[in-house]
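Remarks on the structure that follows.
Residue numbers (the numbering used here): 46 to 459.
If you want it as structure tokens, here you go:
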């Protein structure tokens, strides 16, 4: 067989060949990052910074290769035995359990920093770890999206695969959800959502079609109209099955705390309303703005808007059921924006910048989207003061980042 030679003159490894790789860092999707002898980059599932690993190549192109670590030749001092038994079975729910918690958090800080410097074109951005105490690392997650095995039991998909690992106890799930996993049966649907309200002890499960779920206790509320209630920062929130909510009440409290901090002293704000963009069920509208401010809450999800009308009843809040990108902007004192993984993008940035808010607080769940949005905001006349990283998804590469952007008045109407 003729061997392929790349532009560096080195032979290119073929799929399923094992190569030795020094891991330079862990990148945005949780993979180790290194270089092959032929100069291409390689992404190695299971590698940690500084390690020398033996990796089996599973996919490649002319520019890069993907591989799975099959042996750790020189392990990191912060490598640990994964605390969950399902990691060894291929469960893709948690991809950093082989790293200590301290290393996990450093990896997340580094990923955010790289996104802001490489994509955001920021110089030495101020990046901080959440400053208000420890967040739980196990047993806290209150919403799970489970998948069906061929037999109808439930679990989680393997990483980068449609295969499902049957899971009867999830390390990061709340005990009330773990109690459901062994008996839940899903037939006629590929996925289901299960959720618990910790403060109310209410549970729900939802899949389409509605009769695809069985084996659940009688207290579990079924269907897309099912609701639970949760208390965050002293406020009661109704949360429907199809509404987004944070991964746990502790995560929601942490985000409220960080967002308040990023908004700064309301006495220093300009006059006018405040905007809660991508407002969901009203978490930030209810918790981070003074009661004497008129709040404009913009959300496109009908179920979330219905929840918000109840959650924000009695407050000076205008709920706009619309895509943020289609909203006609008005002048505002400050803006809080919590978009989905895609981020604000150019269309969202254009609308929010048109409010001429003195402060925009951006909550990002994807570092790459944060980097792109940060550059767009900078180019529109906003200066990034700092980003605060919250480890609300322990044992995974996922993060939440709260960033404070301040309008540069010297640029005029950018």
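Glycine residues also receive a C-beta, built at the ideal position from the N, C-alpha and C atoms.
Within this structure, are the beta carbons of residue i and residue j separated by less than 8 Å?
{"i": "residue 326", "j": "residue 352", "result": "yes"}
{"i": "residue 73", "j": "residue 442", "result": "yes"}
{"i": "residue 398", "j": "residue 307", "result": "no"}
{"i": "residue 182", "j": "residue 146", "result": "yes"}
{"i": "residue 388", "j": "residue 425", "result": "no"}
{"i": "residue 233", "j": "residue 257", "result": "yes"}
{"i": "residue 438", "j": "residue 444", "result": "yes"}
{"i": "residue 418", "j": "residue 394", "result": "yes"}
{"i": "residue 348", "j": "residue 365", "result": "no"}
{"i": "residue 217", "j": "residue 240", "result": "no"}
{"i": "residue 434", "j": "residue 173", "result": "yes"}
{"i": "residue 76", "j": "residue 89", "result": "yes"}
{"i": "residue 242", "j": "residue 220", "result": "no"}
{"i": "residue 71", "j": "residue 93", "result": "yes"}
In whole angstroms, give me the CA-to-CA distance for residue i and residue j.
{"i": "residue 402", "j": "residue 140", "result": "38 Å"}
{"i": "residue 408", "j": "residue 225", "result": "32 Å"}
{"i": "residue 151", "j": "residue 263", "result": "43 Å"}
{"i": "residue 113", "j": "residue 319", "result": "48 Å"}
{"i": "residue 153", "j": "residue 250", "result": "31 Å"}
{"i": "residue 420", "j": "residue 334", "result": "27 Å"}
{"i": "residue 104", "j": "residue 204", "result": "14 Å"}
{"i": "residue 298", "j": "residue 431", "result": "20 Å"}
{"i": "residue 290", "j": "residue 215", "result": "19 Å"}
{"i": "residue 22", "j": "residue 363", "result": "This structure leaves residue 22 out entirely; the chain is present only between 46 and 459."}
{"i": "residue 193", "j": "residue 376", "result": "48 Å"}
{"i": "residue 465", "j": "residue 66", "result": "Any question about residue 465 goes unanswered here, given that the chain covers just 46 to 459."}
{"i": "residue 211", "j": "residue 132", "result": "12 Å"}
{"i": "residue 171", "j": "residue 305", "result": "18 Å"}
{"i": "residue 69", "j": "residue 288", "result": "39 Å"}
{"i": "residue 286", "j": "residue 116", "result": "42 Å"}
{"i": "residue 381", "j": "residue 82", "result": "47 Å"}
{"i": "residue 33", "j": "residue 142", "result": "The chain is shown only over 46 to 459; residue 33 falls outside these bounds and no answer can be derived."}
{"i": "residue 396", "j": "residue 374", "result": "6 Å"}
{"i": "residue 187", "j": "residue 222", "result": "7 Å"}
{"i": "residue 284", "j": "residue 275", "result": "8 Å"}
{"i": "residue 452", "j": "residue 317", "result": "16 Å"}
{"i": "residue 50", "j": "residue 84", "result": "Any answer about residue 50 is weak, because its pLDDT of 44 lies below 50 and its placement is not dependable; what the coordinates show is given next. Those two C-alpha atoms are separated by around 11 Å."}
{"i": "residue 340", "j": "residue 384", "result": "17 Å"}
Would you give the residue range spanned by the alpha helix (DSSP H) that residue i belongs to?
{"i": "residue 156", "result": "146–159"}
{"i": "residue 432", "result": "From DSSP, residue 432 is part of no alpha helix (DSSP H) but of the beta strand (DSSP E) over 427–435."}
{"i": "residue 221", "result": "220–223"}
{"i": "residue 332", "result": "328–332"}
Where do the N-terminal and C-terminal ends of the beta strand (DSSP E) with residue i fall, by residue?
{"i": "residue 211", "result": "209–211"}
{"i": "residue 420", "result": "No beta strand (DSSP E) contains residue 420, which is instead part of the alpha helix (DSSP H) from 412–424."}
{"i": "residue 450", "result": "445–452"}
{"i": "residue 407", "result": "404–409"}
{"i": "residue 200", "result": "199–202"}
{"i": "residue 174", "result": "172–174"}
{"i": "residue 438", "result": "Per DSSP, residue 438 belongs to no beta strand (DSSP E) and is neither H nor E."}
{"i": "residue 336", "result": "Element bounds for residue 336: n/a, residue is neither H nor E."}
{"i": "residue 190", "result": "188–193"}
{"i": "residue 229", "result": "Note, residue 229: premise wrong, no beta strand (DSSP E); not H, not E."}
Does residue i pass the burial test, meaning 16 or more other C-beta atoms within 10 Å, or should it be called exposed?
{"i": "residue 200", "result": "buried"}
{"i": "residue 279", "result": "exposed"}
{"i": "residue 295", "result": "buried"}
{"i": "residue 196", "result": "exposed"}
{"i": "residue 61", "result": "exposed"}
{"i": "residue 163", "result": "exposed"}
{"i": "residue 371", "result": "exposed"}
{"i": "residue 498", "result": "Because the chain spans 46 through 459 in this model, residue 498 falls outside it and cannot be assessed."}
{"i": "residue 47", "result": "Here residue 47 scores only 40 on pLDDT, less than 50, and its place in the model should not be relied on; the value that follows carries that caveat. Looking at its Cβ environment, which holds fewer than 16 other Cβ atoms inside 10 Å, residue 47 is exposed."}
{"i": "residue 361", "result": "exposed"}
{"i": "residue 436", "result": "buried"}
{"i": "residue 54", "result": "Because the pLDDT at residue 54 is just 47, under 50, the model does not fix this residue reliably, and the point stays unresolved."}
{"i": "residue 158", "result": "buried"}
{"i": "residue 447", "result": "buried"}
{"i": "residue 149", "result": "buried"}
May I ask you to check if the CB of residue i is nearer than 7 Å to at least one heavy atom of the ligand SAH?
{"i": "residue 367", "result": "As presented, the structure is devoid of all ligands, the ligand SAH included, so that no description of it is given."}
Are the C-beta atoms of residue i and some chain D residue less than 8 Å apart?
{"i": "residue 256", "result": "Among the chains in the structure shown there is no chain D, since it carries only a single protein chain."}
Runs of beta strand (DSSP E) lying entirely within the segment 240–324, each at least 3 residues, in chain order = Correct list: 247–251, 272–277, 280–285 and 319–322.
Whole runs of the beta strand (DSSP E) within the segment 342–401, excluding any shorter than 3 residues = DSSP runs (the beta strand (DSSP E)) wholly in the segment 342–401: 362–366 and 379–382.
Start-end ranges of the beta strand (DSSP E) lying completely within the segment 82–151, minimum 3 residues = Here the runs fully enclosed are 86–90, 97–105 and 109–119.
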